[in-house]
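Novice:
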Amino acid sequence: MAMRFFKSLKKIGIFIGSSTLGVTSFFLFDQHIGGFRKVEGPSMIPTFNSHLHNYTHDDLREHKISPVFDGRDTVVFTRSVEGVDRGDVVIVKSPKTGNHIIKRVVGLGGDSVRRLRVNNIAASTPSPVPAGHVWLESDAGFGYADSSIFGPIDQDLVLAKVTFTAVNNLKFWQFKRVESKLDQSVLNRLTVSNK
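Take the sequence shown: its letters are residues 93 to 287, numbered as in our numbering.
Take a look at the structure:
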């Protein structure tokens, strides 16, 4: 009887040790190498979550049972943020709320950007991007938390670079590389530094 108790205790110890090692490994990988996150909201349409408007409320409610196939896209990212450039999609810590948000890099230190206003009309006066800062924008245009609202942000708030997206069509994921690009409408508002 005592022997069986000690064998059970040993199995529990192995399970707890393995679980702790697994959770710790996942945490360290996520914090230092890369990982994945669900994309919240419409601010990065058409790059992410563009298909959500195709579903009815009933479609989403029916598939909400699964936390994996809930209609929202998932991004795959790397924590290596050296060499972040114009057009890259990044995960940053919001300077206003501290929440992690996904945005596109439009300008780097030394550049000037004419910020977007209501109805996606560019301001007439450019905003300079100080050294060590980046200008971020939502792909969906004006009205979302980005540099058009809070100005350029310190480059130290850039936490990760998005490399792939897993487009979620409620049944399966389709992986695609995230393009580093700027639309012509953005390029028309950007003055690139010669540095």
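For every residue, glycine included, the Cβ atom is placed at its ideal position computed from N, Cα and C.
Could you have a look at leucine 200 and say whether DSSP puts it in helix, strand or coil?
Specialist: strand
Novice: Quick one: what's got a C-beta closer than 6 Å to glutamine 266's C-beta in the same chain, skipping five residues either side?
Specialist: Val259
Novice: By the three-class DSSP mapping on this structure, what secondary structure does isoleucine 157 have?
Specialist: Low local confidence applies: a pLDDT of 46 at isoleucine 157 is under 50, so the model's placement there is unreliable, with the coordinate-based value given in what follows. The answer is coil: DSSP assigns isoleucine 157 none of H, G, I, E or B.
Novice: Quick check: what's the CA-CA separation for arginine 96 versus glycine 127?
Specialist: 41 Å
Novice: Can you tell me the Cα-Cα spacing of valine 198 and glycine 179, whole angstroms?
Specialist: Distance between the alpha carbons of valine 198 and glycine 179 is about 6 Å.
Novice: Measure from the alpha carbon of aspartate 203 to the alpha carbon of each residue in Ala223, Lys188 and Asn211, then state which is nearest.
Specialist: Ala223
Novice: Where does leucine 251 sit, in a helix, a strand or coil, going by DSSP?
Specialist: strand
Novice: Whose C-beta lies closer than 8 Å to the C-beta of isoleucine 157 among residues of the same chain, with five residues either side of it excluded?
Specialist: Unreliable placement is indicated for isoleucine 157, whose pLDDT of 46 sits below 50; the coordinate value is still reported in the next sentence. Excluding residues within five positions, none has a Cβ falling inside 8 Å.
Novice: Rounded to whole angstroms, what is the Cα-Cα separation between serine 272 and aspartate 246?
Specialist: 20 Å
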